[in-house]
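Peer 1: Have a look at this one.
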Amino acid sequence: MVSLIKKPILTEKGLSQTDERVYQFYVDPSSNKMQIKEAVEEMFDVEVDKVNTTNVKGKKKSRFTRRGLMVGKTALRKKAYVKLKEGHEIELVSGPSED
């Protein structure tokens, strides 16, 4: 269940949404919203309000090498936007504490 969540998305835009209790994760492409909700609640011991998902298509990449043009593509990914209920939060990045 917990293996559905691959890693959190720690971008500037993603971290700015933590004020609204919205967290972003890369998840298994075959997972659904209910499975993601249960996995987040189990992993971080919080209550999830709602989950939005989006599929990110892989891009085609090409580069020139000594052997000629090499063509490939990046993998398909799925993002989950998890909104927590009031009073819950996840500590994704721990900075220096202000003591």
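Just so you know, we're using this note's numbering here: the sequence shown kicks off at 12 and counts up by one. Think of the CB as a built atom: it goes at the ideal place given N, C-alpha and C, for glycine as much as any other residue. Quick caveat: nothing in here was measured; it's all calculated off a predicted structure.
1) Which one of LYS90, LYS84 and GLU53 has the shortest CA to CA distance from LYS18?
2) Spell out the partners DSSP gives SER42 in its beta bridges.
3) Mind pulling the alpha helix (DSSP H) runs of 4 or more residues that sit fully within the segment 24 to 90?
4) Quick one: Cα of LEU95 to Cα of ARG88, how far?
5) Beta-carbon within less than 6 Å of LEU69's beta-carbon, same chain only, minus the 5 sequence neighbours each way: which residues are those?
6) Please classify LEU21: does DSSP put it in a helix, a strand, or coil?
7) Buried or exposed: VAL82, going by 16 or more other Cβ atoms within 10 Å of its Cβ?
8) VAL38: buried (16+ other C-beta within 10 angstroms of its C-beta) or exposed?
9) Where does LEU103 fall in DSSP's three states?
10) So is PHE36 buried or exposed if we call it buried at 16+ other beta carbons inside 10 Å?
Peer 2: Looking at the coordinates:
1) Within the sequence shown, numbered from 1, the residue matching residue 18 stands at position 7. Closest option to LYS18, Cα to Cα, is LYS90.
2) On the sequence shown, residue 42 is found 31 positions in, with the first residue counted as 1. Among the bridge pairs identified by DSSP, SER42 is matched with none.
3) Here the runs fully enclosed are 44 to 55.
4) Taking the sequence shown and counting its residues from 1, one reaches residue 95 at position 84. Taking the sequence shown and counting its residues from 1, one reaches residue 88 at position 77. Cα to Cα, LEU95 sits roughly 22 Å from ARG88.
5) Position 58 of the sequence shown holds residue 69. Per the sequence shown, the amino acid found at residue 69 is Gly instead of Leu. Same-chain partners within the cutoff: LYS84, THR85, ALA86 and LEU87.
6) Position 10 of the sequence shown, counted from the start, is the residue given in the question as residue 21. Here LEU21 sits in coil by DSSP.
7) Start at 1 with the first residue of the sequence shown, and residue 82 comes out as number 71. VAL82 is exposed by the Cβ-count criterion.
8) Taking the first residue of the sequence shown as position 1, residue 38 is located at position 27. By the neighbour-count definition (other C-beta atoms within 10 Å, threshold 16), VAL38 is a buried residue.
9) Stepping through the sequence shown from its first residue, residue 103 is reached at position 92. LEU103: coil per DSSP, three-state reduction.
10) Mapped onto the sequence shown, residue 36 falls at position 25. PHE36 comes out buried.
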